[in-house]
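Novice:
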Amino acid sequence: MSRKTSLKNKWVRRVLWTLLALYSISRFLIPNPTFQNPTSTVLLDVNGKLLGARIATDEQWRFPELDSLPVEAKHCITQFEDQYFKWHLGINPISITRAMWVNVKAGRIKQGGSTLTMQLARLWFKNQKRTVFQKVLELVVAIHIEINYSKDEILNLYMSHAPFGGNVVGYEAAAWRYYARQPQDLSWAEHAALAVLPNAPSIIYPGKNSMVFKNKRDFLLDGLHANGVIDSATCALSKLELLPGAPLPLPNYANHLVDRASDKYPGKRVQSDIQYTMQKNTQELINAYTKRYAYNDIHNAAALILETKTGKMVAYVGNSTHTYQHNNQVDVVKAVRSTGSVLKPFLYTYMVSQGEIYPHQLVADVPTFIAGYAPQNYYEEFDGAVPINEALTRSLNVPFVRQLRHHGVERFYNELEQHGFRSLVFGSDHYGLSLILGGAEGSLRDMTSMYAGMSRIAQDAAEVKELDKQIFVAPYFKENPKLLPYPKASLNPGAVYQTLKTLQKVNRPITLEGWRSFNSSSPVSWKTGTSFGNKDAWAIGTTPEYTIGVWVGNACLLYT
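In my numbering, the protein residues as written are 19 to 578.
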């Protein structure tokens with residue numbers, strides 16, 4: 019081997035060892051570049067559809083980083099910004115040389131040679147002033163990024179932090195703000211329009227400089243066609259599509275649940291069990307009815323829908339949202355209100371379970387005076403004697419006060435706590451016999467969860483072994499539900515079944531009295547409740563599929 023060849027091999031080895039050392043330092047010793055920018059809190063439904071979001075603390079609509087991008091978005095952004103993205107290692111010498119030649123000829127900066135990775139590095143440096151030293155730093159960081167991230171990860175990072183005009187940052191936020199759709203649902207024209215925005219977000223901001231914006235988009239579409247990504251028909255039709263205008267509002271059908279997510283998981287992407295269509299329809303119904311009730315000076319309402327078998331929340335409407343002039347920002351689902359008569363089915367169930375009463379037993383409905391307390395029925399009349407199941411369907415007050423006295427207030431108090439009634443902040447003596455008529459406060463979440471729990475017990479009556487644990491407290495998000503032990507000593511499935519059958523006979527509103535005549539009718543076990551002075555109106559119904567709780571009243575009268 020000649021001396022010249024030996025020296026050559028020696029230098030090759032040195033270069034290889036140097037590169038290996040630099041690679042090892044980058045890969046194992048230097049931390050990976052990460053973005054610390056504040057992000058928006060994003061709430062998704064059970065299928066990943068956007069329910070709502072809250073702006074980041076720096077007043078930017080910046081969604082948490084994407085896990086993946088649609089194929090169309092990848093084609094568009096690489097075609098427009100960096101056609102050699104798949105092949106280079108963070109630096110493209112050809113692009114840099116070409117840009118230098120063009121700029122020298124023009125006598126000004128007319129073309130850039132940055133790769134997508136270099137642009138990502140610039141974003142990481144928060145767009146520092148352009149100097150030679152800063153450019154060298156960006157080149158080094160770009161190589162570091164290429165060593166530590168895959169091409170897909172680099173692309174996802176870039177598209178999550180690139181500016182898209184105004185206070186819109188990131189591809190997902192841009193898709194919702196400009197097209198009111200998630201990125202997966204955009205057309206080729208829409209993907210192309212978004213892909214050109216990071217190149218000059220201030221110059222071609224949607225709604226301004228429309229011709230410049232359109233020319234850039236169409237130029238990108240032509241490039242996609244020339245490279246065989248789209249056909250001629252798609253290219254021509256895409257050019258006919260309108261450009262985005264001013265930013266659009268984000269979906270807002272779960273306003274109060276988004277607030278809860280923002281408090282508990284600020285800046286995170288939060289998955290829920292909410293079903294988008296059911297949530298949207300429920301919110302619209304609540305808004306429609308509160309508009310109607312406003313003529314009676316009633317301005318607030320809330321609704322909660324649970325999947326009975328699992329306890330999952332599939333719709334959560336904390337209040338009406340058509341106005342914010344009447345404390346509509348208050349989340350009534352979690353607020354505590356006077357329970358009215360909605361606890362009566364539980365006392366009935368406990369007493370049947372323990373053999374203290376049977377469903378058709380006659381009980382007294384007569385004027386009653388207990389230590390100065392004189393309960394009254396809603397219509398201030400007395401029947402003398404009435405079957406206890408009829409007293410439940412008619413929601414008579416006097417028979418249930420008398421039964422609570424027989425059963426024991428403290429005993430009932432303890433049973434309610436076992437079943438998830440968590441708002442009893444005082445002892446049983448504080449509430450006394452009024453506990454059964456709304457003397458205590460409960461939340462819509464707890465009450466609806468308790469009714470769902472009863473329905474599950476009735477469904478599982480044939481398999482008591484499955485009742486070792488029952489879900490009584492519904493989780494707000496995709497979290498582990500709070501499980502409470504099944505109180506075998508005070509409750510049995512047969513009694514629960516009898517109670518729910520009795521509650522199917524509760525009279526429906528006058529307009530729905532003929533419900534049995536409809537083929538689509540469904541038996542619902544339900545109970546209403548009205549607090550003293552008609553400040554709170556409740557209706558909670560349950561079926562094997564769903565349990566629905568509704569509250570109507572004025573949120574300004576919240577109990578503390």
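Note that CB positions come from ideal geometry on N, CA and C, so glycine has one too.
Bear in mind that the values here come from a model prediction, so they are computed numbers and not experimental data.
#1: Report yes or no: do three or more beta-carbon pairs, one from the segment 417–431 and one from the segment 362–375, lie closer than 8 Å?
#2: With distances taken from CA atoms, which of 494, 516, 513 and 169 is nearest residue 105?
#3: Look up residue 181 in the DSSP assignment and give the residues it is bridged to.
#4: Is the beta carbon of residue 338 less than 8 Å from the beta carbon of residue 548?
#5: Rounded to a whole number of angstroms, what is the C-alpha to C-alpha distance between residue 66 and residue 259?
#6: Buried or exposed: where does residue 63 fall if 16 or more other Cβ atoms within 10 Å of its Cβ makes it buried?
#7: Residue 242 and residue 61: beta carbons closer than 8 Å?
#8: Where does residue 245 land, buried or exposed, given buried means 16+ other C-beta within 10 angstroms?
#9: In its own chain, which residues sit with a C-beta less than 6 Å from the C-beta of residue 375, not counting the 5 before and 5 after it?
#10: Classify residue 99 as buried or exposed, calling it buried when 16 or more other Cβ atoms lie within 10 Å of its own Cβ.
#11: What are the boundary residues of the alpha helix (DSSP H) that includes residue 432?
#12: How long is the line joining the alpha carbons of residue 573 and residue 92, rounded to whole angstroms?
#13: So for residue 201, helix, strand or coil by DSSP?
#14: Excluding five sequence neighbours on each side, which residues of the same chain lie with their C-beta closer than 6 Å to the C-beta of residue 557?
#15: When you compare each of 329, 328, 323 and 342 to residue 317 by their alpha carbons, which one comes out closest?
#16: Under 6 Å Cβ to Cβ from residue 253, same chain only, skipping five residues before and after it: list those, please.
#17: Check whether the segment 184–191 touches the segment 80–88, counting contact only when three or more Cβ pairs, one atom from each stretch, lie closer than 8 Å.
#18: Compute the distance between the beta-carbons of residue 465 and residue 514, then report whether it is under 8 Å.
#19: Please name the residue, chosen from 468, 393, 268 and 373, that lies closest to residue 560 on a Cα-to-Cα basis.
#20: How about residue 292 and residue 335: do their beta carbons lie closer than 8 Å?
#21: What do you get for residue 350, buried or exposed, if any count of 16 or more other CB atoms within 10 angstroms of its CB means buried?
#22: Rounding to the nearest angstrom, what Cα-Cα distance links residue 9 and residue 192 in this structure?
#23: For the candidate residues 279, 409 and 167, whose alpha-carbon lies nearest to that of residue 521?
#24: If you run the structure through DSSP and keep just helix, strand and coil, what is residue 475?
#25: Can you tell me which residues form a DSSP beta bridge with residue 85?
#26: Taking just the CA atoms, how far does residue 323 sit from residue 566?
#27: Determine, using beta carbons only, whether residue 280 and residue 59 come nearer to each other than 8 Å.
#28: When you compare each of 196, 326, 215 and 509 to residue 265 by their alpha carbons, which one comes out closest?
#29: Please report the straight-line C-alpha distance between residue 167 and residue 132, rounded to a whole angstrom.
#30: Would you kindly report the start and end of the unbroken alpha helix (DSSP H) that includes residue 461?
#31: Hey, would you say residue 319 sits closer than 8 Å to residue 570, going by beta carbons?
#32: Give a yes or no on whether 8 Å exceeds the smallest Cβ distance from residue 153 to chain C.
#33: Just tell me which of 456, 441 and 512 has its CA closest to the CA of residue 474.
#34: Assuming residue 224 and residue 262 make a contact with CB atoms under 8 Å, what is their CB distance in whole Å?
#35: At the level of alpha carbons, what is the spacing between residue 184 and residue 220?
#36: Excluding the 5 residues flanking residue 304 on each side, which residues of the same chain have their C-beta closer than 6 Å to its C-beta?
Specialist: With the structure as the only source:
#1: With a cut-off of 8 Å, the segment 362–375 and the segment 417–431 count as touching, because enough Cβ pairs lie within range.
#2: Within the sequence shown, residue 105 is the residue found at index 87, counting from 1. Considering only alpha carbons, the answer is 169.
#3: Stepping through the sequence shown from its first residue, residue 181 is reached at position 163. The beta-bridge partner set that DSSP reports for residue 181 consists of 187.
#4: In the sequence shown, the residue the question calls residue 338 occupies position 320. In the sequence shown, the residue the question calls residue 548 occupies position 530. Here residue 338 is not near residue 548, since their CB atoms are 8 Å or more apart.
#5: For the purposes of this step, residue 66 is taken as the residue at position 48 of the sequence shown. For the purposes of this step, residue 259 is taken as the residue at position 241 of the sequence shown. Rounded to the nearest angstrom, the two C-alpha atoms are 27 Å apart.
#6: For the purposes of this step, residue 63 is taken as residue 45 along the sequence shown, with counting starting at 1. Answer is buried; the Cβ neighbour count reaches 16.
#7: Locating residue 242 in the sequence shown gives position 224, counting from the first residue. Locating residue 61 in the sequence shown gives position 43, counting from the first residue. Note that the C-beta distance between residue 242 and residue 61 is not below 8 Å.
#8: Residue numbering aside, residue 245 sits at position 227 when the sequence shown is read from its first letter. By the 16-neighbour rule on beta-carbons within 10 angstroms, residue 245 is exposed.
#9: Along the sequence shown, read from residue 1 onward, the residue named residue 375 stands at position 357. Only residues of its own chain outside the window of five on either side were considered, and among them 369 and 406 have a CB closer than 6 Å to the CB of residue 375, listed in chain order.
#10: Stepping through the sequence shown from its first residue, residue 99 is reached at position 81. Under this definition residue 99 is a buried residue.
#11: In the sequence shown, the residue the question calls residue 432 occupies position 414. From DSSP, the alpha helix (DSSP H) with residue 432 extends over 427–436.
#12: Locating residue 573 in the sequence shown gives position 555, counting from the first residue. Locating residue 92 in the sequence shown gives position 74, counting from the first residue. When rounded, the distance between both Cα atoms is 49 Å.
#13: Within the sequence shown, numbered from 1, the residue matching residue 201 stands at position 183. Helix, per DSSP.
#14: Here residue 557 corresponds to residue number 539 of the sequence shown, with the count starting at 1. The residues are 546 and 568.
#15: Start at 1 with the first residue of the sequence shown, and residue 317 comes out as number 299. The closest CA to that of residue 317, considering only 329, 328, 323 and 342, is found on 342.
#16: Taking the sequence shown and counting its residues from 1, one reaches residue 253 at position 235. Hits under 6 Å: 239 and 243.
#17: Contact between the segment 184–191 and the segment 80–88 is present: three or more C-beta pairs spanning the two stretches fall below 8 Å.
#18: Residue numbering aside, residue 465 sits at position 447 when the sequence shown is read from its first letter. Residue numbering aside, residue 514 sits at position 496 when the sequence shown is read from its first letter. No. Outside cutoff.
#19: Your numbering for residue 560 matches position 542 in the sequence shown. Among 468, 393, 268 and 373, the Cα nearest to that of residue 560 is on 468.
#20: The sequence position of residue 292 within the sequence shown is 274, counting from 1. The sequence position of residue 335 within the sequence shown is 317, counting from 1. Contact: no.
#21: On the sequence shown, residue 350 is found 332 positions in, with the first residue counted as 1. Buried is the call here.
#22: Missing from the structure shown is residue 9; the chain here goes from 19 to 578 and no further.
#23: Counting from one through the sequence shown, the residue named residue 521 turns up at place 503. Checked all of 279, 409 and 167; the closest Cα to residue 521 is 409.
#24: In the sequence shown, counting from the first residue as 1, residue 475 sits at position 457. Helix, per DSSP.
#25: Along the sequence shown, one-based indexing puts residue 85 at 67. Paired residues: none, contrary to the question.
#26: Here residue 566 refers to the residue found at position 548 of the sequence shown. Here residue 323 refers to the residue found at position 305 of the sequence shown. Approximately 4 Å between the Cα atoms of the pair.
#27: Here residue 280 refers to the residue found at position 262 when the sequence shown is read from its first residue. Here residue 59 refers to the residue found at position 41 when the sequence shown is read from its first residue. With contacts defined as CB atoms closer than 8 Å, residue 280 and residue 59 qualify as a contacting pair.
#28: Working through the sequence shown from its first residue, we reach residue 265 at position 247. Among 196, 326, 215 and 509, the Cα nearest to that of residue 265 is on 196.
#29: As a first step, residue 167 is located in the sequence shown; it is residue number 149 there, counting from the start. As a first step, residue 132 is located in the sequence shown; it is residue number 114 there, counting from the start. Cα-Cα distance, rounded: 18 Å.
#30: Start at 1 with the first residue of the sequence shown, and residue 461 comes out as number 443. Here residue 461 belongs to no alpha helix (DSSP H); instead the beta strand (DSSP E) covers 459–461.
#31: The count along the sequence shown starts at 1 and reaches residue 319 at position 301. The count along the sequence shown starts at 1 and reaches residue 570 at position 552. One thing to note: residue 319 has its Cβ within 8 Å of the Cβ of residue 570.
#32: In the displayed structure, chain C is absent; only one protein chain is listed.
#33: The residue you call residue 474 lines up with position 456 of the sequence shown. Of the candidates 456, 441 and 512, 512 places its Cα closest to the Cα of residue 474.
#34: As a first step, residue 224 must be located in the sequence shown, where it is residue number 206. As a first step, residue 262 must be located in the sequence shown, where it is residue number 244. Indeed, because the Cβ distance is near 4 Å, the residues count as touching under 8 Å.
#35: Taking the first residue of the sequence shown as position 1, residue 184 is located at position 166. Taking the first residue of the sequence shown as position 1, residue 220 is located at position 202. Whole-angstrom Cα-Cα distance: 7 Å.
#36: Against the sequence shown, residue 304 aligns to sequence position 286. Excluding residues within five positions, the ones whose Cβ falls inside 6 Å are 319, 321, 335 and 338.
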